[in-house]
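If you read the first sequence in the working numbering, its first letter stands for residue 242, the second for the next number, and so on.
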Amino acid sequence: MKPLHIFNSLHRKKQPFTPIVEGKVGLYVCGMTVYDFCHIGHARVMVVFDVVARYFKYLGYEVNYVRNITDIDDKIINRAIEAGEDFSQLTQRFIAEMHQDETSLNVQKPDLEPLATESMNDIILMIETLIDKQHAYLGPNNDVYYAVESFANYGQLSGRKLDDMNAGERVEVDANKRNPFDFVLWKSAKAGEPAWPSPWGAGRPGWHIECSAMSTRCLGNHFDIHGGGMDLQFPHHENEIAQSEAATGECFVNTWMHNGFVRIDDEKMSKSLGNFFTVREVLKQYRGEEIRFFVLSSHYRSPLNYSDEQLNESRAALERLYTALRNVTPAANPDKSDYIQRFEAAMNDDFNTAKALSVMFECANELNKLKSTDPEKAAKTATDLLTMAEPLGLLNQDPETYLQSSTGDDVAIDNDVITLKINQRLQAKADKNWALADQIRDELSQQGVILEDKGVQTTWRRN
RNA sequence: GGCUGAGUGGCAGAGUGGUUAUGCAGCGGCCUGCAAAGCCGUAAACAGCGGUUCGAUUCCGCUCUCAGCCUCCA
Numbered sequence: 242m243k244p245l246h247i248f249n250s251l252h253r254k255k256q257p258f259t260p261i262v263e264g265k266v267g268l269y270v271c272g273m274t275v276y277d278f279c280h281i282g283h284a285r286v287m288v289v290f291d292v293v294a295r296y297f298k299y300l301g302y303e304v305n306y307v308r309n310i311t312d313i314d315d316k317i318i319n320r321a322i323e324a325g326e327d328f329s330q331l332t333q334r335f336i337a338e339m340h341q342d343e344t345s346l347n348v349q350k351p352d353l354e355p356l357a358t359e360s361m362n363d364i365i366l367m368i369e370t371l372i373d374k375q376h377a378y379l380g381p382n383n384d385v386y387y388a389v390e391s392f393a394n395y396g397q398l399s400g401r402k403l404d405d406m407n408a409g410e411r412v413e414v415d416a417n418k419r420n421p422f423d424f425v426l427w428k429s430a431k432a433g434e435p436a437w438p439s440p441w442g443a444g445r446p447g448w449h450i451e452c453s454a455m456s457t458r459c460l461g462n463h464f465d466i467h468g469g470g471m472d473l474q475f476p477h478h479e480n481e482i483a484q485s486e487a488a489t490g491e492c493f494v495n496t497w498m499h500n501g502f503v504r505i506d507d508e509k510m511s512k513s514l515g516n517f518f519t520v521r522e523v524l525k526q527y528r529g530e531e532i533r534f535f536v537l538s539s540h541y542r543s544p545l546n547y548s549d550e551q552l553n554e555s556r557a558a559l560e561r562l563y564t565a566l567r568n569v570t571p572a573a574n575p576d577k578s579d580y581i582q583r584f585e586a587a588m589n590d591d592f593n594t595a596k597a598l599s600v601m602f603e604c605a606n607e608l609n610k611l612k613s614t615d616p617e618k619a620a621k622t623a624t625d626l627l628t629m630a631e632p633l634g635l636l637n638q639d640p641e642t643y644l645q646s647s648t649g650d651d652v653a654i655d656n657d658v659i660t661l662k663i664n665q666r667l668q669a670k671a672d673k674n675w676a677l678a679d680q681i682r683d684e685l686s687q688q689g690v691i692l693e694d695k696g697v698q699t700t701w702r703r704n
């Protein structure tokens, strides 16, 4: 079978993955700026790279997954002023909210979650190095800037040349900079702003330097994979490369991975456009696992169109998989089945989760058949299905529990009431009072409860 | 202006130089008191125009359309 291939944004093609250290992988992902609730776009990053980390573990790698938290920047400061609270109270609150969303989405914790505010020493050291090496300078306004012209390879990741770009396309050119594309490494504080001491006076780090400093501290000068949303490719990741490679003189990252956007009505979901849904909002209507399935139903580099219809399809799809797993006790399967092999082939092809899921559906189809014809083989096939689901972070609940769980935070009919109604209906059925039996079933159906008769027994699920 | 990526059946979404994706929805059956779930069968697609080829949805070129980036952004 072909080994794992990953699309490397740096070279715009799929390449076989070769770890720097045999059997280990260092993965750094740009995380959230914590001044608000996570939206579905953030959820996509969380889920996609959670699957990347899980699949590496599945392949037997020792994974060191680092995802930073940006807990100081202009937006945080502004939001804290609006809310009339200390910026660190604000960020702590939204860090907790983010962790809650991750739990809802069955996203495993990264191994390390460094904070910008706890990385000041590393940041300042790196800026000093950059100044010493003439890659950075102190502007007339006392801000420290990175000099993009000092780095020969500037533009390699985003595939653009300094001359080709339109300076001031959206933002006015800053006269303190020598080149309009120079970017801030250290920003001096205005009165009342949160600030840390530095050789250039009290201030705070620019956005890009924190990731260079934190990734280097956690994973070394040169590591395997760096990921994030497509929109970070330029300037954020371009600038990280410039900073890190200029400071250390070493290659920074081997493989760059960028996930596509979530869209609404064919338009990028973003805070600035205001067309975003928070994870919290969607959880009012859908299960966390349904959101997760939705994210994985298309390839991570493709756009993902958000709509209720899509979420409803994810619901139906998960229902099918969990239904297949009902009434089977999985048993160890020592053989690597054809399904597992095709699943791995799909995942090895740049984490093709959409194709991997299609293999799971074929497996579920066979499982449904085997349940009545060959229980022993069914038990093994169930294990196959669960084996594939694990690196995707799916199907980790008991099937019956999942199918009967409420489909959102909204108030739903109580389990005890359902049981009561079912018993009433069983009596009606025994009396051959079909009209009453159907009426009860219809009533429950209107409240999202589906009944399924199996001989003298009735099972139920919510949808 | 520069640079990316994409256009697949009713919807979503993989993939491939010649043979079933998969899920949902549809149609016909089996099962069921009737349903639901499940199973079996079935139909339907590759933006347009050229080119390469015995053969292209798949490779190449052009056109059209859409999306993204060009210092807020996942």
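Glycine included, each C-beta is placed from N, C-alpha and C at the ideal position.
Cut-off 8 Å between Cβ atoms - residues of its own chain near residue i, not counting five sequence neighbours on either side
i, result
"ALA443", "SER429, ALA430, ALA436, TRP437"
"ASP590", "LYS243, HIS246, LYS255, LYS596"
"THR496", "ILE247, ASN249, LEU251, GLN256, PHE258, ASP465, ILE466, HIS467"
"THR642", "none"
"PRO640", "TYR563, THR564, LEU566, ARG567"
"HIS477", "CYS271, TRP448, HIS449, CYS452, GLY469"
"GLY461", "GLY267"
"MET287", "CYS279, ASP342, GLU343, LEU346, VAL348"
"GLU434", "ILE318, ARG445"
Euclidean distance between Cα positions of residue i and residue j
i, j, result
"ARG334", "ALA324", "12 Å"
"MET629", "VAL389", "45 Å"
"ALA432", "ILE654", "55 Å"
"LEU545", "TRP441", "44 Å"
"VAL658", "VAL523", "26 Å"
"ARG285", "LEU514", "18 Å"
"ASP327", "THR311", "16 Å"
"LEU685", "SER539", "34 Å"
"ASN362", "LYS512", "31 Å"
"TYR541", "PHE290", "9 Å"
"ALA605", "ASP423", "54 Å"
"ASP705", "ILE261", "Since the first residue shown for the chain is 242 and the last is 704, residue 705 is missing from the structure and cannot be characterised."
"LEU353", "ASN309", "8 Å"
"ILE482", "LEU627", "39 Å"
Bounding residues of the beta strand (DSSP E) (the contiguous stretch that carries residue i)
i, result
"ARG703", "698-703"
"GLU263", "Per DSSP, GLU263 belongs to no beta strand (DSSP E) and is neither H nor E."
"GLN256", "254-257"
"GLU434", "Note, GLU434: premise wrong, no beta strand (DSSP E); not H, not E."
CB-CB length for residue i against residue j, believed under 8 Å
i, j, result
"ASN480", "TYR378", "The pair is not a contact, with the Cβ atoms about 15 Å apart (cut-off 8 Å)."
"GLN665", "ARG702", "GLN665 to ARG702, Cβ: 19 Å. No contact."
"HIS280", "PHE518", "6 Å"
"ARG533", "LEU346", "5 Å"
"PRO632", "VAL348", "Their Cβ separation, rounded to whole angstroms, is 13 Å, which puts PRO632 and VAL348 out of contact at 8 Å."
"ARG295", "GLY634", "6 Å"
"THR624", "ASN574", "5 Å"
"GLN474", "SER399", "5 Å"
Limits of the unbroken alpha helix (DSSP H) element including residue i
i, result
"TYR643", "640-645"
"PHE290", "281-299"
"PHE584", "579-589"
"ARG334", "328-345"
"HIS238", "Within the shown structure, residues of the chain are numbered from 242 to 704, placing residue 238 beyond reach of any answer."
"PHE602", "594-614"
"ARG504", "From DSSP, ARG504 is part of no alpha helix (DSSP H) but of the beta strand (DSSP E) over 503-505."
"LYS662", "656-671"
Own chain residues within Cβ distance below 6 Å of residue i, not counting five before or after
i, result
"PHE258", "LEU245, ILE247"
"ASP342", "CYS279, VAL520"
"ASN382", "ASN417"
"ASN420", "VAL389, GLU390"
Beta-carbon proximity list for residue i, same chain, < 7 Å, skipping 5 on both sides
i, result
"ALA587", "ASN593, LYS596, ALA597, VAL600"
"MET339", "MET273, VAL275, CYS279"
"GLY689", "THR648, ALA653, ARG703, ASN704"
"ASP384", "ASN417, VAL425, TRP427, LYS428, SER429"
"MET471", "HIS499, ASN500, GLY501, PHE502"
Problem set entry | Touch test, the segment 483-496 against the segment 358-374, Cβ-Cβ under 8 Å, three pairs minimum | Short answer: they touch.
Exercise. Is there contact between the segment 499-506 and the segment 298-315, where contact requires at least three CB pairs shorter than 8 Å?
Worked result: no
Exercise. Quick check: the segment 644-661 against the segment 615-634, are there 3 or more CB pairs under 8 Å?
Worked result: Fewer than three Cβ pairs drawn from the segment 644-661 and the segment 615-634 lie within less than 8 Å of each other, which leaves the two stretches out of contact.
For this session: Spell out a yes or no on whether the segment 555-567 and the segment 677-684 are touching, meaning 3 or more CB-CB pairs, one atom from each, closer than 8 Å.
Result: In this structure the segment 555-567 does not touch the segment 677-684; the number of beta carbon pairs closer than 8 Å is below three.
Problem set entry | the segment 348-362 in contact with the segment 445-459 per 3-pair CB rule at 8 Å | Yes, since at least three Cβ pairs between the segment 348-362 and the segment 445-459 fall closer than 8 Å, the two stretches touch.
Problem set entry | Segment contact, 8 Å Cβ cut-off, at least three pairs: the segment 390-398 with the segment 453-473 | no
Exercise. If you pair each beta-carbon of the segment 560-569 with each one of the segment 315-329, do three or more pairs fall below 8 Å?
Worked result: no
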